[in-house]
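A.B. asks:
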Amino acid sequence: ARALNEPVALICTSGTAAANFFPAIVEARSAGVPLLILTADRPPELRDVGAAQTIDQNRLYGAHTKWFVEVALPESTPEMLRYARTLASRASALSMESPPGPVHLNFPFREPLVPASDDPIPASEGRADGAPWARVTRSRHALESNAARTLANRLSRAGKPMIVCGPQHDTALGPALVQLAERIGAPVLADPLSQVRWGAHSHHPVIDRYDAVLRHEHVADSLAPDLVLRIGGTPTSKALVQFLQRHASAPLIVVADAQWPDPTLLAEEMVRADPRTACEQLLNSVDSVAGTEWLDRWKMADRVTRTALDQYVCTISEVFEGAALADVAAVLPDDSALFVSSSMPVRDLDAFAPGDARNIQVLANRGANGIDGVVSTALGAAAAIEDEKPLVLVIGDLAFYHDMNGLLAAKLHDIDVTIVVLNNDGGGIFSFLPQAQHPQHFEELFGTPHGLDFEPVADLYGAHYQRAVDSGSMRRFVSEGIARGGLNIIEMRTDRARNVVLHREAWIAAAAGLDTI
């Protein structure tokens, strides 16, 4: 569902089986992913009487679904078949209606649960040529003409406009967004999940080293905007979010189709429109800027920072998780997909992986930012797109361990995926937080070391296993895994405490470069 942006059905039996869907449903609701949850249930007379595998499934997922229906008991009458077909059409359409999300249909059944061998299967004639019983026509939300002109005038008048593109799924957004940025002379701070950092569109206004740039207080202050246009979800970079908070005097305009993606509570205006449609409309109304001095300042800071970070990475002779993300991204072929886990992998991709003209679809579970089911989500995405593009997953050891049983799907369904496990024996992100300054209880409560060796896991699920020990082997193994196909697991072992030191040295190197401008 995440890869295709189309509704996918989850089907399960009753009781705790339905409860196991909960993390996926929370993520789907938060991230705007269409899902249909079809749960079996016991009939009304067997509820609250101690029947096996029976819990209260009425609105089981609470506010995390867009719609709940207690489906009627099945009957093979023409009226009930029309009811079932209409319900299917309506539920599917509602899951796609902006913002997309999960819809829960609960199906009670009485025994016998299978038809008797001599019972004929009732005829069920649908529309001709397999068309939906009830077709629902959707359209992208556009700005009213007056609203488009007003917003275009604000963008045209801004002396230091900035566009921030956070996580979003529309792979066709890039061309219109970049053209708009070029027209008004605005930098585009492109999150790795924006579908704008990589792509065949122009990259002239795209800035991807902003995370390090904005850690340099003096340079960041010199790049303060007077108007911010934000598209997509909340940016991954904490430095960027804090920068926007420090410069809250600059009006913040958020373009969002239906959700309210503004945890900073700074938005002056929430524009209700499809982002790509809005950008296309604004292109017809905004005035071109006379000079490029503002954008050139951003591009210089971006260029200097990229050079400094590249040089730093070349000087270290030990494994570094930030470099690992850059290495994986660097060897992905055109028309490929990269799935990154939450916590450090997505942050390191943001900070260290520069964009280019390759078409790379970047996916992540960043709606609720959990570690639940990352392997399974990535395998589902790979299954959906494997005829078009290869997929690589980069994941931490705890998230990998949490969903190791998801690897069975790759074996059962011959899914091609290359999984890079960055194993620092625990929760690496916590070593960057203030909790790390309290060593007495840090490891037990936050570091959570497990001491697991993942090579036997590869044997269990029939995966090809390799251990990367440096940048060269990481790049080589990822390329080989993509070419080989099947299930590939590449493990790189790192040290959590040393990883923090290397990150901080990288920011120091970037700051030294920025000191020269």
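Our numbering numbers the first residue of the sequence shown as 8 and each following residue consecutively. By construction, the Cβ of each residue, glycine as well, lies at the ideal position given by its N, Cα and C atoms. Predicted model only: the values in this text are computed from it and were never measured.
Is the Cβ-Cβ distance between Ser-324 and Ala-155 less than 8 Å?
C.D. replies: Taking the first residue of the sequence shown as position 1, residue 324 is located at position 317. Taking the first residue of the sequence shown as position 1, residue 155 is located at position 148. Not a contact, by the Cβ cut-off of 8 Å.
A.B. asks: Can you pull the DSSP bridge partners for Thr-157?
C.D. replies: Counted from its first residue, the sequence shown places residue 157 at position 150. Answer by DSSP bridge pairing: none, since Thr-157 is not bridged.
A.B. asks: Could you check which residue in His-420, Leu-400, Met-351, Pro-258 has the C-alpha nearest to that of Leu-234?
C.D. replies: Translated into positions along the sequence shown, residue 234 becomes position 227. The option with the nearest alpha carbon to Leu-234 is Pro-258.
A.B. asks: Going along the chain, which residues of its own chain have a beta-carbon closer than 7 Å to the beta-carbon of Gly-403, five neighbours each way excluded?
C.D. replies: Counting from 1 along the sequence shown, the entry for residue 403 is found at position 396. Closer than 7 Å at the Cβ level, and outside the excluded window around Gly-403, lie Ser-348, Ser-350, Met-351, Pro-352, Leu-429, Gly-435.
A.B. asks: From Arg-511 to Phe-484, what distance separates their C-alpha atoms?
C.D. replies: Against the sequence shown, residue 511 aligns to sequence position 504. Against the sequence shown, residue 484 aligns to sequence position 477. Cα-Cα distance, rounded: 28 Å.
A.B. asks: Output needed for Glu-34: all residues of its chain with C-beta closer than 6 Å, excluding positions within five of it in sequence on either side, in chain order.
C.D. replies: The residue given as residue 34 occupies position 27 in the sequence shown. Cβ neighbours of Glu-34 beyond the five flanking positions: Asn-372, Gly-374, Ala-375.
A.B. asks: Take Phe-553 and list the residues in its own chain whose beta-carbon comes closer than 7 Å to its own, dropping the five residues that flank it on each side.
C.D. replies: This structure leaves residue 553 out entirely; the chain is present only between 8 and 524.
A.B. asks: Counting C-beta neighbours from all protein chains within 10 Å, is the total for Ser-21 16 or more, i.e. buried, or is it exposed?
C.D. replies: Working through the sequence shown from its first residue, we reach residue 21 at position 14. Result: buried.
A.B. asks: Alpha carbons only, please: which of Arg-54, Asn-431, Phe-346 is nearest the one belonging to Arg-503?
C.D. replies: To locate residue 503, count along the sequence shown from 1; it is residue 496. For the residues Arg-54, Asn-431, Phe-346, the minimum Cα distance to Arg-503 belongs to Asn-431.
A.B. asks: Does Ala-98 come out as helix, strand or coil in the three-state DSSP assignment?
C.D. replies: As a position in the sequence shown, residue 98 is number 91, starting the count at 1. Note: Ala-98 maps to helix in three-state DSSP.
A.B. asks: Using beta carbons (cut-off 8 Å, strictly below), is Ala-183 in contact with chain D?
C.D. replies: You won't find chain D in this structure, because it holds only one protein chain.
A.B. asks: Nearest-angstrom Cα distance between Lys-418 and Leu-370?
C.D. replies: For the purposes of this step, residue 418 is taken as the residue at position 411 of the sequence shown. For the purposes of this step, residue 370 is taken as the residue at position 363 of the sequence shown. Computed Cα separation, rounded: 22 Å.
A.B. asks: In three-state DSSP terms, what is Trp-205?
C.D. replies: Taking the sequence shown and counting its residues from 1, the one referred to as residue 205 is at position 198. Trp-205: coil per DSSP, three-state reduction.
A.B. asks: How would you write the range of the alpha helix (DSSP H) that Pro-182 sits in, first residue to last?
C.D. replies: Here residue 182 refers to the residue found at position 175 of the sequence shown. That run of the alpha helix (DSSP H) goes 181-191.
A.B. asks: Which value, in whole angstroms, describes the spacing of the CA atoms of Val-320 and Ala-308?
C.D. replies: Along the sequence shown, read from residue 1 onward, the residue named residue 320 stands at position 313. Along the sequence shown, read from residue 1 onward, the residue named residue 308 stands at position 301. Between Val-320 and Ala-308, the C-alpha separation is close to 18 Å.
A.B. asks: Within the stretch 452-510, note down every full beta strand (DSSP E) run reaching 3 residues or more, in order along the chain.
C.D. replies: 471-474, 494-500
A.B. asks: Report back the beta-carbon spacing between Ile-496 and Ala-470 to the nearest angstrom; my notes put them in contact at under 8 Å.
C.D. replies: As a position in the sequence shown, residue 496 is number 489, starting the count at 1. As a position in the sequence shown, residue 470 is number 463, starting the count at 1. Between Ala-470 and Ile-496 the Cβ distance is about 5 Å, and since that is below 8 Å, they are a contact.
A.B. asks: Going by the DSSP bridge assignment, what does Ala-263 pair with across the sheet?
C.D. replies: Walking along the sequence shown from the start, residue 263 turns up at place 256. According to DSSP, Ala-263 bridges with Arg-279.
A.B. asks: Using DSSP with H/G/I as helix, E/B as strand and the rest coil, what is Ile-436?
C.D. replies: Residue numbering aside, residue 436 sits at position 429 when the sequence shown is read from its first letter. Helix.
A.B. asks: With Pro-199 and Thr-271 assumed to form a contact (beta carbons below 8 Å), what rounded beta-carbon distance in angstroms separates them?
C.D. replies: Start at 1 with the first residue of the sequence shown, and residue 199 comes out as number 192. Start at 1 with the first residue of the sequence shown, and residue 271 comes out as number 264. Going by Cβ atoms, the distance from Pro-199 to Thr-271 rounds to 20 Å, so no, they are not a contact pair.
A.B. asks: How should Trp-205 be labelled, buried or exposed, when 16 other C-beta atoms within 10 angstroms of its C-beta is the threshold for buried?
C.D. replies: Counted from its first residue, the sequence shown places residue 205 at position 198. Here Trp-205 is buried: its Cβ has 16 or more other Cβ atoms, across all protein chains shown, within 10 Å.
A.B. asks: Determine the closest residue to Arg-142 out of Leu-101, Glu-151, Phe-116, with distance taken between C-alpha atoms.
C.D. replies: Here residue 142 refers to the residue found at position 135 of the sequence shown. Here the closest residue by C-alpha is Leu-101.
A.B. asks: Looking at the secondary structure, which residues open and close the alpha helix (DSSP H) in which Gln-368 lies?
C.D. replies: Position 361 of the sequence shown, counted from the first residue, corresponds to residue 368. No alpha helix (DSSP H) holds Gln-368; the beta strand (DSSP E) holding it covers 367-370.
A.B. asks: Which of helix, strand or coil does DSSP assign to Thr-4?
C.D. replies: The structure shown has nothing for residue 4, since the chain only spans 8 to 524.
A.B. asks: What did DSSP end up calling Pro-199 once you bin it into helix, strand or coil?
C.D. replies: The residue given as residue 199 occupies position 192 in the sequence shown. In the structure shown, Pro-199 sits in coil (DSSP, three-state: anything other than H, G, I, E or B).
A.B. asks: Which partner residues does Ala-285 have in the DSSP bridge list?
C.D. replies: Taking the sequence shown and counting its residues from 1, the one referred to as residue 285 is at position 278. Paired residues: none, contrary to the question.
A.B. asks: Would you check if the distance between the CB atom of Val-335 and the CB atom of Met-481 is smaller than 8 Å?
C.D. replies: For this step, residue 335 is matched to residue 328 along the sequence shown. For this step, residue 481 is matched to residue 474 along the sequence shown. Yes. Within cutoff.
A.B. asks: With DSSP as the reference, label Glu-77 as helix, strand or coil.
C.D. replies: Stepping through the sequence shown from its first residue, residue 77 is reached at position 70. Glu-77 falls in the strand class under three-state DSSP.
A.B. asks: Measuring CB atoms only, is the stretch 221-232 touching the stretch 390-403, in the sense that at least three cross pairs come out at less than 8 Å?
C.D. replies: Contact between the stretch 221-232 and the stretch 390-403 is absent, with fewer than three C-beta pairs closer than 8 Å.
A.B. asks: Here's the rule I'm using: 16 or more other beta-carbon atoms within 10 Å means buried, otherwise exposed. How should Gly-458 be labelled?
C.D. replies: Taking the first residue of the sequence shown as position 1, residue 458 is located at position 451. The residue is exposed, with fewer than 16 neighbouring Cβ atoms inside 10 Å.
A.B. asks: The beta strand (DSSP E) spanning Ile-426 covers which residue range?
C.D. replies: Stepping through the sequence shown from its first residue, residue 426 is reached at position 419. Looking at the DSSP string, the run of the beta strand (DSSP E) that includes Ile-426 is 424-430.
A.B. asks: For Pro-139, tell me which candidate among Leu-150, Arg-89, Pro-106 has the shortest Cα-Cα distance.
C.D. replies: For the purposes of this step, residue 139 is taken as the residue at position 132 of the sequence shown. Cα-wise, what sits closest to Pro-139 is Arg-89.
A.B. asks: Please determine, among Ser-295, Ile-260, Pro-340, Leu-290, the residue with the shortest C-alpha to C-alpha distance to Arg-279.
C.D. replies: Against the sequence shown, residue 279 aligns to sequence position 272. Measuring from the Cα of Arg-279, the nearest candidate turns out to be Ile-260.
A.B. asks: Mapping the DSSP letters down to three states, classify Ile-214 as helix, strand or coil.
C.D. replies: In the sequence shown, residue 214 corresponds to position 207, counting from 1. It is a strand residue.
A.B. asks: So for Gly-403, helix, strand or coil by DSSP?
C.D. replies: Position 396 of the sequence shown holds residue 403. Of the three classes helix, strand and coil, the one that applies to Gly-403 here is strand, per DSSP.
A.B. asks: For Cys-608, which beta-bridge partners are listed by DSSP?
C.D. replies: Shown here, the chain extends from 8 to 524; a query on residue 608 therefore has no answer.
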